[in-house]
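Residues in the sequence shown are numbered consecutively from 332, following the working numbering. For each residue, glycine too, the CB sits at the ideal point set by N, CA and C. Note that the structure is a prediction, hence the values are computed from the model and not measured.
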Amino acid sequence: MNQLKLLISMVFISMLILSTNALATNQVVKLSIENMTCKMCDITVRKAIEKVDGVTEATVDYETKTAQVTFNPEKTTAMKIEEASTMAGYPAKLIKE
Ligand SMILES: [Cu+2]
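Below, the structure written as structure tokens:
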């Protein structure tokens with residue numbers, strides 16, 4: 332009986348690991364964005380970030396001067412996303428959490 336329980340929990344744990352790995356293909360980072368002076372700026376920043384190959388989702392918040400970006404770490408890096416925003420005129424910095 333105990334062995335059965337052990338087996339079930341092992342199967343459960345391996346399933347959990349597999350599903351975590353599937354989710355881990357995408358990474359989410361938060362960036363602080365400088366130079367945004369009006370509501371139009373967040374659209375410009377979002378478009379610049381979305382152009383980066385590997386970015387799947389970007390939301391830019393003008394009020395808090397931050398961006399939340401979801402990307403595939405196999406295709407791009409947080410640094411490239413920072414660069415894209417910076418090149419568009421809005422210096423971005425990764426917020427470490
Ligand atoms: Cu603006």
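Coil, strand or helix - residue i by DSSP
i: T375; result: helix
i: E388; result: strand
i: A423; result: strand
i: V360; result: strand
Buried/exposed call for residue i, threshold 16 Cβ in 10 Å
i: D384; result: exposed
i: V391; result: buried
Assumed close pair residue i, residue j - CB separation to whole angstroms, cut-off 8 angstroms
i: I374; j: A415; result: Contact flag wrong, Cβ pair sits at about 14 angstroms.
i: I426; j: L362; result: 6 angstroms
i: I364; j: T387; result: So it is not a contact: roughly 19 angstroms between Cβ atoms.
* Pick out every residue whose C-beta is nearer than 6 angstroms to a heavy atom of ligand 1: which are they, in chain order? -> Output, sorted by chain position: T368, C369, M371, C372.
Count Cβ pairs between the stretch 357-376 and the stretch 398-410 that sit closer than 8 angstroms; are there 3 or more? With the cut-off at 8 angstroms, the stretch 357-376 and the stretch 398-410 touch.
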